[in-house]
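There are 4 protein chains.
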Amino acid sequence: MAEPSLNGAVARPRRRNAASTRRKLLIAARQEFARNGLAGARVDAIAAQAGVNKQLLYHYFGDKDAIYVAVLEWIYDEIKQYEQNLNFNGLKPDRLMKKIVGSWFDYLSLHPDFVAIMDDESRNQAVHIRGLQQLPAIGPLLLRIFSLTLAQGAREGVFRRGVNPTQLCISIGALSYFYFSGLPTLQAIFNRNLSTEPALRERRRHVVDFVMRALRP
Amino acid sequence: MAEPSLNGAVARPRRRNAASTRRKLLIAARQEFARNGLAGARVDAIAAQAGVNKQLLYHYFGDKDAIYVAVLEWIYDEIKQYEQNLNFNGLKPDRLMKKIVGSWFDYLSLHPDFVAIMDDESRNQAVHIRGLQQLPAIGPLLLRIFSLTLAQGAREGVFRRGVNPTQLCISIGALSYFYFSGLPTLQAIFNRNLSTEPALRERRRHVVDFVMRALRP
Amino acid sequence: MAEPSLNGAVARPRRRNAASTRRKLLIAARQEFARNGLAGARVDAIAAQAGVNKQLLYHYFGDKDAIYVAVLEWIYDEIKQYEQNLNFNGLKPDRLMKKIVGSWFDYLSLHPDFVAIMDDESRNQAVHIRGLQQLPAIGPLLLRIFSLTLAQGAREGVFRRGVNPTQLCISIGALSYFYFSGLPTLQAIFNRNLSTEPALRERRRHVVDFVMRALRP
Amino acid sequence: MAEPSLNGAVARPRRRNAASTRRKLLIAARQEFARNGLAGARVDAIAAQAGVNKQLLYHYFGDKDAIYVAVLEWIYDEIKQYEQNLNFNGLKPDRLMKKIVGSWFDYLSLHPDFVAIMDDESRNQAVHIRGLQQLPAIGPLLLRIFSLTLAQGAREGVFRRGVNPTQLCISIGALSYFYFSGLPTLQAIFNRNLSTEPALRERRRHVVDFVMRALRP
DNA sequence: AATGAATGAGTTTTCATTCAT
DNA sequence: TATGAATGAAAACTCATTCAT
Numbered sequence: 001m002a003e004p005s006l007n008g009a010v011a012r013p014r015r016r017n018a019a020s021t022r023r024k025l026l027i028a029a030r031q032e033f034a035r036n037g038l039a040g041a042r043v044d045a046i047a048a049q050a051g052v053n054k055q056l057l058y059h060y061f062g063d064k065d066a067i068y069v070a071v072l073e074w075i076y077d078e079i080k081q082y083e084q085n086l087n088f089n090g091l092k093p094d095r096l097m098k099k100i101v102g103s104w105f106d107y108l109s110l111h112p113d114f115v116a117i118m119d120d121e122s123r124n125q126a127v128h129i130r131g132l133q134q135l136p137a138i139g140p141l142l143l144r145i146f147s148l149t150l151a152q153g154a155r156e157g158v159f160r161r162g163v164n165p166t167q168l169c170i171s172i173g174a175l176s177y178f179y180f181s182g183l184p185t186l187q188a189i190f191n192r193n194l195s196t197e198p199a200l201r202e203r204r205r206h207v208v209d210f211v212m213r214a215l216r217p
Numbered sequence: 218m219a220e221p222s223l224n225g226a227v228a229r230p231r232r233r234n235a236a237s238t239r240r241k242l243l244i245a246a247r248q249e250f251a252r253n254g255l256a257g258a259r260v261d262a263i264a265a266q267a268g269v270n271k272q273l274l275y276h277y278f279g280d281k282d283a284i285y286v287a288v289l290e291w292i293y294d295e296i297k298q299y300e301q302n303l304n305f306n307g308l309k310p311d312r313l314m315k316k317i318v319g320s321w322f323d324y325l326s327l328h329p330d331f332v333a334i335m336d337d338e339s340r341n342q343a344v345h346i347r348g349l350q351q352l353p354a355i356g357p358l359l360l361r362i363f364s365l366t367l368a369q370g371a372r373e374g375v376f377r378r379g380v381n382p383t384q385l386c387i388s389i390g391a392l393s394y395f396y397f398s399g400l401p402t403l404q405a406i407f408n409r410n411l412s413t414e415p416a417l418r419e420r421r422r423h424v425v426d427f428v429m430r431a432l433r434p
Numbered sequence: 435m436a437e438p439s440l441n442g443a444v445a446r447p448r449r450r451n452a453a454s455t456r457r458k459l460l461i462a463a464r465q466e467f468a469r470n471g472l473a474g475a476r477v478d479a480i481a482a483q484a485g486v487n488k489q490l491l492y493h494y495f496g497d498k499d500a501i502y503v504a505v506l507e508w509i510y511d512e513i514k515q516y517e518q519n520l521n522f523n524g525l526k527p528d529r530l531m532k533k534i535v536g537s538w539f540d541y542l543s544l545h546p547d548f549v550a551i552m553d554d555e556s557r558n559q560a561v562h563i564r565g566l567q568q569l570p571a572i573g574p575l576l577l578r579i580f581s582l583t584l585a586q587g588a589r590e591g592v593f594r595r596g597v598n599p600t601q602l603c604i605s606i607g608a609l610s611y612f613y614f615s616g617l618p619t620l621q622a623i624f625n626r627n628l629s630t631e632p633a634l635r636e637r638r639r640h641v642v643d644f645v646m647r648a649l650r651p
Numbered sequence: 652m653a654e655p656s657l658n659g660a661v662a663r664p665r666r667r668n669a670a671s672t673r674r675k676l677l678i679a680a681r682q683e684f685a686r687n688g689l690a691g692a693r694v695d696a697i698a699a700q701a702g703v704n705k706q707l708l709y710h711y712f713g714d715k716d717a718i719y720v721a722v723l724e725w726i727y728d729e730i731k732q733y734e735q736n737l738n739f740n741g742l743k744p745d746r747l748m749k750k751i752v753g754s755w756f757d758y759l760s761l762h763p764d765f766v767a768i769m770d771d772e773s774r775n776q777a778v779h780i781r782g783l784q785q786l787p788a789i790g791p792l793l794l795r796i797f798s799l800t801l802a803q804g805a806r807e808g809v810f811r812r813g814v815n816p817t818q819l820c821i822s823i824g825a826l827s828y829f830y831f832s833g834l835p836t837l838q839a840i841f842n843r844n845l846s847t848e849p850a851l852r853e854r855r856r857h858v859v860d861f862v863m864r865a866l867r868p
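Following this line, the structure appears as C-alpha cells:
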C-alpha cells in the first residue's frame with residue numbers, strides 16, 4: 001500500500017502532526033471500508049485503529065462519506081502510479097497484451113482491499129466513484145490502448161480482427177477480478193483453497209493463456 | 218421469481234395464511250437483501266414490504282440471519298430447478314459448451330438479485346453459503362460436467378487438451394458475472410449504458426465467442 | 435393543562451398502553467420545549483421525564499421536530515377550547531372588549547409554557563407554526579371579531595371611529611404577552627417581583643384600563 | 652451598529668491588531684447570538700465570521716458565556732449612547748411622551764439584534780443581564796422620567812392622574828417590542844408582511860397614538 | 001397465528017474547550 | 001499575539017430483538 005497523499009505534510013516529525021494524523025486516518029479507513037463496506041464501516045473503528053480522537057476524522061474529512069471518497073481517490077492515485085511504473089514501451093502486441101493481462105491480475109492479487117471497495121461501490125451504484133475527477137479519463141484511455149494493440153496485432157497477424165476493445169477490456173478485468181472478488185464463495189463451492197501461491201500461479205497462467213488463445217486469428 | 222420453498226413449514230395443516238405469510242416474508246427479504254446486503258437490510262423494511270407484523274418474521278425464522286439463509290436456500294433451489302429445465306441431452310460437446318455459457322449469462326441477466334446477494338456473501342466470507350446443505354454437491358457436479366465435456370470435445374477434435382476444468386468453470390462464471398456485478402462501475406468508466414437490450418446481446422455473443430475460441434485446439 | 439388528544443385511546447388502563455405513553459411523551463415534551471426551546475430541548479430529557487424508552491418517542495412521533503409540532507397542535511387545540519368555553523354572547527361592545535382583553539391576560543398568565551413556546555417559534559421564524567392547519571383561520575377570525583366589536587361600539591358611542599383592528603389586536607396581545615414573556619428581564623430592571631398575585635392583578639387592571647381608555651371616542 | 656466598547660482592553664499600547672481582533676469577534680458574536688441565541692450560537696461560527704482563530708475568542712474572553720456578556724454590555728452602552736443623543740430638553744410633557752414612545756419604537760425597529768438577544772435573555776431567566784453593572788440604574792432612571800413627565804402633564808391637564816409609571820413603562824415597551832419580537836408569528840397569523848416601510852409607519856403611528864389617548868384625562 | 005408496545009445497545013455527528021507550538 | 005491540533009462529553013437518531021396481549 002503506497003502512502004496516501006500528504007497535503008501539507010511537514011518534514012520533521014512532531015507530536016502533533018496534522019499530516020501524520022490524516023494519513024493514519026486514511027490508512028485505517030481504507031482497511032475498515034475494505035473489510036466492512038461503506039455502510040458497515042464504523043467511524044469509531046477507524047478512529048480507534050488510527051489511534052486518534054474520533055472528532056479529528058470529522059475535522060479533517062467532514063463526514064464518513066467524505067473520508068470514503070478520500071480513500072477512493074487515494075486508491076485511484078495508486079493505480080495510476082502502478083501503471084506508470086510498468087514499462088510497456090517497445091513491446092510487440094502479443095507481449096504487450098500478455099503484460100497487461102498479467103499486470104492486472106498481479107495488481108488485484110496484491111490489493112484485496114481495492115477489490116473489496118470496488119465491490120461495495122458497485123452495490124452502491126458507483127455513486128461515489130462517479131464523482132471522482134480522474135474517472136472520465138480512464139475509459140477512453142483503456143479503449144485507446146486496447147484498440148491500438150489489437151489493430152497492431154491484427155496487422156502483424158498475431159491477433160484476429162473484429163475484437164471489440166470494450167468487451168475485451170471487460171473480459172480481461174472479469175477473469176482476474178472475479179477470482180479475487182468471489183474467492184470465499186469459490187472456495188466454498190470447490191472446497192479448495194484458491195489463495196495459495198500455487199493456486200494463484202495456476203490462475204494467473206490460465207487467465208493470460210485464456211485471453212491470448214481467445215485472441216488468436 | 219419462483220415460489221420460495223417452505224423449508225421448515227410444519228407438516229400438519231394449519232390455516233393457509235401461515236404459509237402465505239412465510240412466503241410473503243421471503244419474497245420481501247430477498248428483495249431487501251439484494252438491494253442492501255445482509256448488514257444493510259432492515260428487518261422493519263422486510264416486514265413492511267411483506268405487509269405483515271415484524272414479530273412474525275421472528276416467529277417464522279428466528280432472526281435476521283436465519284431469514285437470510287432461507288433466502289439463500291430458496292435461490293439455490295431456484296438455480297437447481299433452472300438447470301433441470303435445461304435440456305442438455307444428446308448435445309455435442311461444442312454445442313453443449315455454448316449452451317452452458319449462454320445459459321449462465323442468461324440466468325445472471327435475469328436474476329440481478331442473485332448477483333447482488335452473492336456479492337454480499339463474498340464480502341462476508343461466504344459464511345452463510347458454507348452452511349447450505351446443497352453446497353457440497355455443486356462443485357463436484359460442475360467439475361464432472363466440464364471434465365466430461367472437455368474430454369469428449371478433445372476426442373472429437375473441437376477442444377484442445379489440457380484445459381483445467383476448475384479454471385474454465387471460474388472463467389465462464391467470471392465473464393458473465395462480472396459484467397452484471399460491476400455494471401454500475403463499468404458504466405461509469407465507459408460512460409455507456411451497458412444494460413440495454415443490444416448491449417446485453419453484444420456481451421452475450423462476446424462471452425460465448427470468447428470462451429469457444431479460447432478452447433480451440 | 436388540558437389532556438393532549440388521545441388518538442386511539444383505549445378505555446381500561448393497561449400496563450402497555452400506547453395512548454398513555456403518547457400522552458406522557460407529549461406532556462413531557464411540552465414542558466421541556468417550554469423550558470429550553472426547540473433547539474435546547476433534549477430528547478433524552480423528554481423520554482426520561484415521560485418515564486419511557488427514548489425510542490418510543492421516535493416510534494410515535496418520528497423525530498424531535500414532529501413531536502414539537504404535535505405539542506404546538508395540542509396548544510392550539512387548547513386555546514380553541516379555552517375560547518369556546520368563554521361566553522361572549524349578548525355582551526355589549528365595551529363589556530365584550532373588556533372581557534377579551536382580560537381573558538387574553540388570564541390565558542397567558544395561566545399558560546407560561548405557551549408564552550415560552552411562542553417566543554421560541556418567533557426566533558425560528560415561525561416555521562413550525564406556519565405548518566399548522568388551524569393557523570390560516572385565526573387571523574381572519576380575530577379581525578372579524580374586533581372589526582364587529584369596534585363598529586358596534588362606534589355606533590353606540592363607546593368607542594371612537596377609525597381604530598385599525600389589526601393594530602388593536604396586536605396591541606392587546608402585546609400588553610399582556612410582553613409582560614409574561616419579558617418577566618425575568620423586567621423584574622431585573624425594576625428590581626421587583628412582578629409575578630406575585632397583587633402584581634398580576636395590578637397589571638391586569640392596568641392593561642384592561644389602558645386599552646379601554648385608548649378606545650374612548 | 653456602533654463600535655463595540657473595548658472593556659478589558661489593556662491600557663498600554665500594543666499592536667493595534669489586538670483591539671481590532673477583539674472588535675471583530677464582538678461584532679461576529681453579536682450577529683451570531685442574535686440569530687441563534689446563546690445556546691444555539693456556535694463558537695466556531697463566531698470565529699469564522701470574525702475571520703480569526705477560534706482560540707483567540709478564548710484568549711480574549713474566556714468562554715462562550717463571557718463573550719455573550721460582553722455583547723450585552725456593548726448593547727447597553729449603545730442604548731445609553733442612543734438616549735444621550737436624543738434631546739429631550741425643554742419639551743412639554745405631551746411632546747416629550749410622544750418622543751419617548753416614538754424613539755423606543757425607532758430603536759427597536761433599527762436594532763433587531765437587540766430584540767433577538769433580549770428575547771433569549773428572557774428565556775434564560777435574564778441570568779446574564781442581572782450581572783450587568785449598568786442594570787441597577789436603568790429601572791429607577793426610567794421611573795423617574797415617567798413619574799416626572801406624568802406629574803407635569805397632570806399639572807398641565809394633558810395627562811390624567813393616577814397612571815402607574817411602572818405599568819406605563821412596561822406598556823410602552825410592550826407595544827413596540829412585541830411587534831418586532833413576534834413579527835414572524837404575527838405575519839403568519841395575519842398573512843401579511845408587517846415589516847414593509849408603510850407597515851412600520853402605520854404601527855409607529857398607532858403605538859404613539861394609542862399611548863397618548865390612553866393617557867388623556 | 002398475529003400484533004403493536006417496548007427496549008438497550010449502538011452509530012453518526014456536534015460542540016465547547018484545552019493543548020502544543 | 002496567533003494558530004491549528006486534539007479531546008471528551010453529549011446529542012439525535014437507528015436497529016435488531018423481546019415482551020405482553
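Protein chains in written order, with our numbering: chain A, 1 to 217; chain B, 218 to 434; chain C, 435 to 651; chain D, 652 to 868.
The beta-carbon is built from N, C-alpha and C at its ideal position, and this holds for glycine as well.
**OP:** Enumerate in chain order the residues of its own chain whose CB-to-CB distance from SER439 (chain C) is below 7 Å, with the five nearest sequence positions on each side excluded.
**Re:** Residue confidence is low: SER439 (chain C) scores 46 on pLDDT, short of 50, so the model does not pin down where it sits. Its coordinate-derived value is still stated next. TRP508 and ASP511, listed in sequence order.
Subject >> Reduced DSSP secondary structure (H/G/I, E/B, other) of ASP497 (chain C) >> reply: Reduced to three states, the DSSP call for ASP497 (chain C) is coil.
Original post:
CA-CA distance, VAL766 (chain D) and LYS675 (chain D)?
Top reply: 21 Å
Original post:
Do you know whose CA, among C:GLN489, C:HIS640 and C:PRO527, lies nearest ALA585 (chain C)'s CA?
Top reply: C:PRO527
Original post:
Just reading off the alpha helix (DSSP H) that HIS328 (chain B) is part of, what are its end residues?
Top reply: Here HIS328 (chain B) belongs to no alpha helix (DSSP H), and DSSP marks it neither H nor E.
Original post:
Shorter than 8 Å from the beta carbon of TYR177 (chain A) to some beta carbon of chain B?
Top reply: yes
Subject >> Spatial distance of LEU148 (chain A) from PHE105 (chain A) (CA atoms) >> reply: 21 Å
Subject >> Terminal residues of the alpha helix (DSSP H) in which ARG464 (chain C) lies >> reply: 452-474
**OP:** Tell me, please, whether the segment 774-794 of chain D touches the segment 628-641 of chain C by the rule of three or more beta-carbon pairs shorter than 8 Å.
**Re:** no
Subject >> CA-to-CA distance, LYS64 (chain A) to TYR58 (chain A), given in whole angstroms >> reply: 8 Å
Subject >> Closer than 7 Å: ASP77 (chain A) CB and nearest the ligand NAP heavy atom >> reply: Inclusion of the ligand NAP in the displayed structure is not the case, the ligand content being empty and no account of it being possible.
**OP:** Could you please give the first and the last residue of the uninterrupted alpha helix (DSSP H) stretch that includes PRO434 (chain B)?
**Re:** That residue, PRO434 (chain B), is in no alpha helix (DSSP H); it is neither H nor E in DSSP.
Original post:
Is the CB of LEU374 (chain B) under 8 Å away from at least one CB in chain A?
Top reply: The amino acid occupying residue 374 (chain B) in the given sequence is Gly; Leu does not appear at that position. By this cut-off, GLY374 (chain B) is not an interface position.
Subject >> Limits of the unbroken alpha helix (DSSP H) element including GLY804 (chain D) >> reply: 786-807
Original post:
What three-state label does DSSP hand ALA47 (chain A) in the structure shown?
Top reply: ALA47 (chain A) sits in a helix when the DSSP states are folded into three classes.
**OP:** Kindly indicate which three-state DSSP category LEU186 (chain A) falls into: helix, strand or coil?
**Re:** Secondary structure of LEU186 (chain A) (DSSP, three-state): helix.
Subject >> Short CB-CB distance (under 8 Å) between MET552 (chain C) and chain D >> reply: yes
Original post:
Taking Cβ-Cβ distances below 7 Å as the criterion, which residues of the segment 681-706 of chain D are in contact with chain C?
Top reply: Cβ contacts with chain C come from GLY688, ALA690 and GLY691.
Subject >> DSSP state of ILE735 (chain D) mapped onto helix, strand, coil >> reply: Ile is not the amino acid found at residue 735 (chain D); the sequence shown has Gln there. Helix, per DSSP.
Subject >> C-alpha distance - CYS603 (chain C) paired with GLN272 (chain B), whole-angstrom precision >> reply: Between CYS603 (chain C) and GLN272 (chain B), the alpha-carbon positions lie close to 55 Å from each other.
**OP:** Measure the CB-CB distance between VAL641 (chain C) and VAL535 (chain C) and report whether it falls below 8 Å.
**Re:** Cβ distance < 8 Å, so VAL641 (chain C) and VAL535 (chain C) count as in contact.
Original post:
Which residues in chain D sit within 7 Å of THR630 (chain C), going by Cβ to Cβ distance?
Top reply: None at all; the shortest Cβ gap to chain D is about 14 Å.
**OP:** Starting from ALA174 (chain A), trace the alpha helix (DSSP H) both ways and give me its first and last residue.
**Re:** For ALA174 (chain A), the enclosing alpha helix (DSSP H) covers residues 165-181.
Original post:
When we look at the beta-carbon of PHE739 (chain D) and count the other beta-carbons within 10 Å, is it buried (16 or more) or exposed?
Top reply: Under this definition PHE739 (chain D) is an exposed residue.
Original post:
For HIS345 (chain B), which of helix, strand or coil comes out of DSSP?
Top reply: coil
Subject >> SER320 (chain B) in three-state terms, based on DSSP >> reply: helix
**OP:** Give the DSSP-derived three-state secondary structure of PHE427 (chain B) in the structure shown.
**Re:** helix
Original post:
Can you tell which of A:TYR179, A:GLN134, A:ARG203 and A:ASP209 has its C-alpha closest to the C-alpha of PHE407 (chain B)?
Top reply: A:GLN134
Original post:
Roughly how many angstroms separate the alpha carbons of LEU313 (chain B) and PHE376 (chain B), rounded to a whole number?
Top reply: If I take the Cα positions, the gap works out to 12 Å.
Original post:
Which chain B residues are close to GLY173 (chain A), counting only those with a beta carbon under 8 Å from its beta carbon?
Top reply: PHE395 and GLY399
Original post:
Cα-Cα, which of B:ALA287, B:ARG372, B:ALA405 and B:SER237 is closest to ALA267 (chain B)?
Top reply: B:SER237
Original post:
Do you know whose CA, among B:GLY307, B:SER320 and B:LYS315, lies nearest LYS297 (chain B)'s CA?
Top reply: In terms of CA proximity to LYS297 (chain B), B:SER320 leads the group B:GLY307, B:SER320 and B:LYS315.
Subject >> Members of the segment 319-331 of chain B near chain A, C-beta cut-off 7 Å >> reply: none
**OP:** Identify, in the order they occur along the chain, each residue of the same chain with its Cβ nearer than 6 Å to the Cβ of LEU887 (chain D), setting aside the five sequence neighbours on each side.
**Re:** There is simply no residue 887 (chain D) to check, as chain D begins at 652 and stops at 868 in what is shown.
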